[in-house]
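Chemist: Residue numbers (this note's numbering): 11 to 599.
Cβ coordinates follow ideal geometry from the N, Cα and C atoms, glycine included.
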RNA sequence: GCCCCUGUAGUUCAAUGGAUAGAAUAGCGGUUUCCUAAACCGUAGAUCCAAGUUCGAUUCUUGGCAGGGGUACCA
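Take a look at the structure:
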């Protein structure tokens, strides 16, 4: 509709004022005014040197006379409010009705793919709430791009090597007494995390002892025996010492099993995993080649640097003096490998905003190295999840564990659900499944509705809401719609013929019409929050309709059919929108 | 110091430069012989400060103030 209207408005300006205009921007009419769609005429008034009211009246009259779509219009100040013919909305519902995936564009496999990297954990500790935000954003943004027709390849980089990994390995070796996930009953990633914490405790103890023996703090931090042992272990790892490699494989194996369980519960997945242990050498090689070509330079101590001062950034270290690689070295290698492995044209990194600078540098370096795809790398930068007393710190035990939080949410859902007691006839397994859908729905919606770039405040003492602007609110509406459909029999398949619309019906259809645009905006701005807020608006509007307009109890069968179909379509759209957020919808609740 | 991000009801979030800044939650007051009250309806409550650009600024610019992050041979 918008397009036809835009063209007609351009035509009107040209015919009546001899003025060529850009595509006019239209907006939904504000609730307090009569009309459906509004044109703001102020921008044109300036060029025309005419009174805004006159211009709006003139254009309005032209549209009413020349476009059957426009039934009427009114002018308030410089705002031209257009009233759309109700037939348009009635037909619109008919048109989109048969398509159950309305709004979602099928993936066009002839296009080159987009790669999305997210999660990217370290294999020395379990996932926490920060990872949950990362994972949900990564999954959701992938689904949103797919819904615009873009093929997407989801990936992660697993940071499986380095000194931090050796720390947990060493502590397990020293203090673990052969403990395994099986013997301890702990999830593998939690077990590894336990020893990472153990290392830190021991390290601090040793520092304290050394200081008591007269060392300075700086000396003590460098000389603590357990740290030296960890460094020795890293050297052995790089030399592929069989014993260390075997321990590394064993413990990482435990961690992967644990991660996979968490990913599964969270409902996220990856098409391809990359491992730092397999890409860091390529990164080193590329840096050395860049050095040969004069793109980078070596300092007198042997370290290799990129000079980005011409681009307004600093100098950046690429290889340490001892020749070992740093974080960015590995990222250079990984990026190149991905563009070799897959036929992709662009790449999004879902990584926290603490690494904004890192990605600026990374993209610039890849560009300097001559990769033309470097212009199509994007950093989806999101804000931290903070607790009331500040940042989460794994070593200080102030993290909100991902597995614990999901369990808690499911428990809360269960408690609320049991209190309401609406699930007679459901088996225990069905109930459990439902509690999980609702609990995770609350969690996911809570996180995804917020603009990614904003910091989220999470207060563990206040539980996440299940009422109001929440996932369960939307799921509940979906369940009520399913209930209507179960009772409606074959009404949803019958054709309807109605002449007029209730205002509340019209408002719901207008929102249905806006769904494809919401997906485009969400993709364009890389913000799933747009989908969340859209869905909330739709549901709010539908509930208002549900409350005041009889559906199955409507007197006229034609109206009954129409309203059942409208409900069905709202249900479909909730389901499709929530799919983009990775949230499931229940048949009952 | 320099760089980046964020400041909106008590609280958690919205608002392509457009009309009287929307919701939710907490508060107060209503709605259940009627399709699921995890719902609906009503009420009260906010743009960090100061300039500037504009017909019009929560939005853009500049300067403050506050919070967070970065600026590491950590990742």
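Within its chain, find whatever has a CB closer than 7 Å to the CB of residue 558; leave out the 5 residues flanking it on each side and keep chain order.
Modeler: Counting from 1 along the first chain, the entry for residue 558 is found at position 548. Counting only Cβ-Cβ distances below 7 Å, and skipping sequence neighbours, we find 514.
Chemist: Can you tell me the Cβ-Cβ gap for residue 412 and residue 92, rounded? I've got them flagged as a contact below 8 Å.
Modeler: One-based indexing of the first chain puts residue 412 at position 402. One-based indexing of the first chain puts residue 92 at position 82. Not quite, the Cβ-Cβ distance comes to about 49 Å (not below 8 Å), so this is no contact.
Chemist: Please determine if the region 78-91 and the region 30-50 are in contact, where contact requires at least 3 C-beta pairs separated by less than 8 Å.
Modeler: Segments in contact, yes.
Chemist: Please report the distance separating the alpha-carbon of residue 35 from that of residue 50.
Modeler: Position 25 of the first chain, counted from the start, is the residue given in the question as residue 35. Position 40 of the first chain, counted from the start, is the residue given in the question as residue 50. Cα to Cα, residue 35 sits roughly 8 Å from residue 50.
Chemist: Just verifying my parser: in three-state terms, what is the DSSP assignment at residue 149?
Modeler: The residue labelled residue 149 in the question sits at position 139 within the first chain. Looking at residue 149 - three-state DSSP - the assignment turns out to be helix.
Chemist: Please check the pair residue 349 and residue 315, which I expect to be a contact at CB under 8 Å, by giving their CB distance rounded to whole angstroms.
Modeler: As a first step, residue 349 must be located in the first chain, where it is residue number 339. As a first step, residue 315 must be located in the first chain, where it is residue number 305. So it is not a contact: roughly 24 Å between Cβ atoms.
Chemist: Along the chain, where does the alpha helix (DSSP H) containing residue 341 start, and where does it finish?
Modeler: As a first step, residue 341 is located in the first chain; it is residue number 331 there, counting from the start. From DSSP, the alpha helix (DSSP H) with residue 341 extends over 337-351.
Chemist: Within 10 angstroms of its Cβ, does residue 582 collect 16 or more other Cβ (buried), or is it exposed?
Modeler: Against the first chain, residue 582 aligns to sequence position 572. The residue is buried, with at least 16 neighbouring Cβ atoms inside 10 Å.
Chemist: CB-CB under 6 Å to residue 33, same chain, minus the five flanking residues each way: which ones, in chain order?
Modeler: Numbered from 1 along the first chain, position 23 holds the residue referred to as residue 33. The residues are 16.
Chemist: Would you give the residue range spanned by the alpha helix (DSSP H) that residue 518 belongs to?
Modeler: As a working note, residue 518 is residue 508 in the first chain. Where residue 518 is concerned, the enclosing alpha helix (DSSP H) stretches over 513-523.
Chemist: For the candidate residues 330, 320 and 301, whose alpha-carbon lies nearest to that of residue 313?
Modeler: Working through the first chain from its first residue, we reach residue 313 at position 303. The residue with the shortest Cα to Cα distance from residue 313 is 330.
Chemist: Taking 7 Å as the cut-off, is the C-beta of residue 381 nearer than that to any heavy atom in the ligand NAD?
Modeler: As for the ligand NAD, it is missing from this structure, which has no ligand bound.
Chemist: Mind checking which residues open and close the alpha helix (DSSP H) that includes residue 314?
Modeler: For the purposes of this step, residue 314 is taken as the residue at position 304 of the first chain. No alpha helix (DSSP H) contains residue 314, which is instead part of the beta strand (DSSP E) from 314-317.
Chemist: Please determine if the region 122-130 and the region 345-362 are in contact, where contact requires at least 3 C-beta pairs separated by less than 8 Å.
Modeler: With the cut-off at 8 Å, the region 122-130 and the region 345-362 touch.
Chemist: Run through DSSP, which three-state label would residue 507 get?
Modeler: In the first chain, residue 507 corresponds to position 497, counting from 1. Of the three classes helix, strand and coil, the one that applies to residue 507 here is coil, per DSSP.
Chemist: Using the Cβ count rule (16 or more neighbours within 10 Å means buried), how would you classify residue 78?
Modeler: For the purposes of this step, residue 78 is taken as the residue at position 68 of the first chain. Classification of residue 78: exposed, given that the 10 Å Cβ count is below 16.
Chemist: Short of 6 Å in beta carbon distance, which residues of its chain neighbour residue 409, apart from the five on each side in sequence? Order them along the chain.
Modeler: Reading the first chain from its first residue, position 399 is the one you call residue 409. Excluding positions up to five away in sequence, the list reads 138 and 402.
Chemist: Buried or exposed: residue 286, going by 16 or more other Cβ atoms within 10 Å of its Cβ?
Modeler: The sequence position of residue 286 within the first chain is 276, counting from 1. Residue 286 comes out buried.
Chemist: Do the region 520-538 and the region 151-166 make contact, defined as three or more Cβ pairs closer than 8 Å?
Modeler: Contact between the region 520-538 and the region 151-166 is present, because at least three Cβ pairs lie under 8 Å.
Chemist: At what residues does the beta strand (DSSP E) containing residue 37 begin and finish?
Modeler: Here residue 37 refers to the residue found at position 27 of the first chain. Segment 36-38, the beta strand (DSSP E) holding residue 37.
Chemist: DSSP on residue 166, reduced to helix/strand/coil?
Modeler: Here the question's residue 166 lines up with position 156 in the first chain. Correct three-state label for residue 166: strand.
Chemist: At the level of alpha carbons, what is the spacing between residue 80 and residue 268?
Modeler: By one-based count along the first chain, residue 80 stands at place 70. By one-based count along the first chain, residue 268 stands at place 258. If I take the Cα positions, the gap works out to 59 Å.
Chemist: How far does the beta strand (DSSP E) with residue 476 in it extend, from its first residue to its last?
Modeler: Taking the first chain and counting its residues from 1, one reaches residue 476 at position 466. No beta strand (DSSP E) contains residue 476, which DSSP labels as neither H nor E.
Chemist: Smallest Cα separation from residue 396: which of 475, 281 and 467?
Modeler: Mapped onto the first chain, residue 396 falls at position 386. Checking every option, the nearest Cα to that of residue 396 belongs to 467.
Chemist: Quick check on this structure: which residue in 62, 368, 167 and 320 has the alpha carbon closest to the alpha carbon of residue 86?
Modeler: Numbered from its first residue, the first chain carries residue 86 at position 76. It is 62.
Chemist: So is residue 76 buried or exposed if we call it buried at 16+ other beta carbons inside 10 Å?
Modeler: As a position in the first chain, residue 76 is number 66, starting the count at 1. That one is exposed.
Chemist: Can you give me the Cβ contacts of residue 300 inside the same chain, cut-off strictly under 7 Å, excluding the 5 residues immediately before and after it?
Modeler: Here residue 300 refers to the residue found at position 290 when the first chain is read from its first residue. So the qualifying residues of the chain are 306 and 379.
Chemist: Whole-angstrom Cβ separation of residue 201 and residue 189, contact assumed at under 8 Å?
Modeler: Position 191 of the first chain, counting from 1, holds the residue named residue 201. Position 179 of the first chain, counting from 1, holds the residue named residue 189. Right, their Cβ atoms sit about 7 Å apart.
Chemist: Whole angstroms are fine: how far does the CA of residue 342 sit from the CA of residue 376?
Modeler: The residue labelled residue 376 in the question sits at position 366 within the first chain. The residue labelled residue 342 in the question sits at position 332 within the first chain. Approximately 7 Å, taken between the alpha carbons.
Chemist: Does DSSP put residue 437 in a helix, in a strand, or in coil?
Modeler: Taking the first residue of the first chain as 1, we reach residue 437 at position 427. Residue state, collapsed to three classes: coil.
Chemist: For the region 375-436, which segments carrying the alpha helix (DSSP H) assignment without a break, of at least 4 residues, lie completely within its bounds, in sequence order?
Modeler: Qualifying alpha helix (DSSP H) stretches, in chain order: 412-430.
Chemist: Check this for me: beta carbons of residue 458 and residue 374, under 8 Å apart or not?
Modeler: Here residue 458 refers to the residue found at position 448 of the first chain. Here residue 374 refers to the residue found at position 364 of the first chain. In this structure, residue 374 does not lie closer than 8 Å to residue 458 by Cβ.
Chemist: Which residue marks the beginning of the alpha helix (DSSP H) containing residue 261, and which one marks its end?
Modeler: Counting from one through the first chain, the residue named residue 261 turns up at place 251. Residue 261 -> alpha helix (DSSP H) spans 252-276.
Chemist: For residue 432 and residue 441, what's the separation of their Cα atoms in angstroms?
Modeler: For the purposes of this step, residue 432 is identified with residue 422 of the first chain, where counting begins at 1. For the purposes of this step, residue 441 is identified with residue 431 of the first chain, where counting begins at 1. Straight-line Cα distance between these residues: approximately 11 Å.
Chemist: Pull up the distance between the alpha-carbon of residue 31 and that of residue 547, whole angstroms please.
Modeler: What you label residue 31 is simply residue 21 of the first chain in a count that begins at 1. What you label residue 547 is simply residue 537 of the first chain in a count that begins at 1. The alpha-carbon atoms of residue 31 and residue 547 are separated by roughly 32 Å.
Chemist: Whose C-beta lies closer than 6 Å to the C-beta of residue 588 among residues of the same chain, with five residues either side of it excluded?
Modeler: Within the first chain, residue 588 is the residue found at index 578, counting from 1. Around residue 588: 595.
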